[in-house]
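Trainee: Take the sequence shown: its position 119, counting from 1, is numbered 333 in this note's numbering, and each next residue is one higher.
For glycine and all other residues, C-beta sits at the position ideal for the given N, C-alpha and C.
Take a look at the following structure, please.
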Amino acid sequence: MITLHHVAASRSFRTLWLLEELGLPYEVKTYKITDGSLRDPAFLEISPAGRVPALEMGEQVVFESQAITQVLCEAHPEASLAPDLGDAERVSYLQWLSFAETQASIIASLNLQMVFLRPPAKPSVVVLKLEVARLKATLYPLEQTLASQDWLLKTGFSAADTMLGFNLFAIKHFVHLDDFPHVRAYMERMKERDAFQRAQEKDGAQEFYDREFYAPEDFA
215 MITLHHVAAS RSFRTLWLLE ELGLPYEVKT YKITDGSLRD PAFLEISPAG RVPALEMGEQ
275 VVFESQAITQ VLCEAHPEAS LAPDLGDAER VSYLQWLSFA ETQASIIASL NLQMVFLRPP
335 AKPSVVVLKL EVARLKATLY PLEQTLASQD WLLKTGFSAA DTMLGFNLFA IKHFVHLDDF
395 PHVRAYMERM KERDAFQRAQ EKDGAQEFYD REFYAPEDFA
């Protein structure tokens, strides 16, 4: 049996979604950011840094969403969610996987400063503006790519979309997407997928964002 260690609306949603795309049986063990459960010794044996996702597959444990994505796709080549070695789109696929983590690292920085930091601590508005600008810059190559194709790869939907697509539902809390119509259409296509909808039903209520949009000026 596969067990996914999960926090609602976190990067572990990538794995939840991918498991649904693969049609694999699994169970979900859900944690919360705020209750200390991620620091429980039993969980730290599974994920030493106390982070999700972590995936148990029998005796094997894998943590980090990018590693889990590659392991699952290699174990299930019949799903055709990752290009094989030598495939013309293999380089593009790997590039988007890494790009997704670059993007996610900026989201994590903004989450820390705008969402989790509590008074009397106060973030720097200058730093926040720089981070938002960096995050917005990651949307331009996406907009350009999606202007001519529906998914990140020309051949169609892949696990790169589960990795990077998830980010966009966090980005919208920090960057207005009005200037990115192709990105917005991409998000709508994701939401139309049956596997995405099933994953959302199992995801749980998010505990990160208490407002729809966070502007640096709000923290002046």
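#1: For L356, which residues from the same chain have a beta carbon less than 6 Å from its beta carbon, with the 5 sequence-adjacent residues on both sides left out?
#2: Between which two residues does the beta strand (DSSP E) holding T244 run?
#3: Which runs of the alpha helix (DSSP H) fall wholly inside the region 370–418 and span at least 4 residues, in chain order?
#4: Going straight from the alpha carbon of P297 to that of Q284, what length do you get?
#5: What is the rounded straight-line gap between the Cα of P255 and the Cα of P262?
#6: Measure the CB-CB distance between L269 and L342 and report whether it falls below 8 Å.
#7: Kindly indicate the opening and closing residues of the alpha helix (DSSP H) around V435.
#8: Answer yes or no: do V266 and S224 have a C-beta to C-beta separation smaller than 8 Å?
Mentor: Per the coordinate set shown:
#1: If you ignore the 5 residues before and after L356, its C-beta comes within less than 6 Å of the C-beta of V397, all in its own chain and listed in chain order.
#2: Counted as a single uninterrupted DSSP element, the beta strand (DSSP E) harbouring T244 occupies residues Y240 to Y245.
#3: Whole alpha helix (DSSP H) segments, 4+ residues: 373–385, 395–406 and 408–417.
#4: The straight-line gap from Cα to Cα measures roughly 11 Å.
#5: Their backbone Cα atoms lie some 9 Å apart in a straight line.
#6: L269 is not a Cβ neighbour of L342, given a cutoff of 8 Å.
#7: This structure gives no information on residue 435, because the portion of the chain shown stretches from 215 to 434.
#8: Yes, Cβ-Cβ distance for V266 and S224 is below 8 Å.
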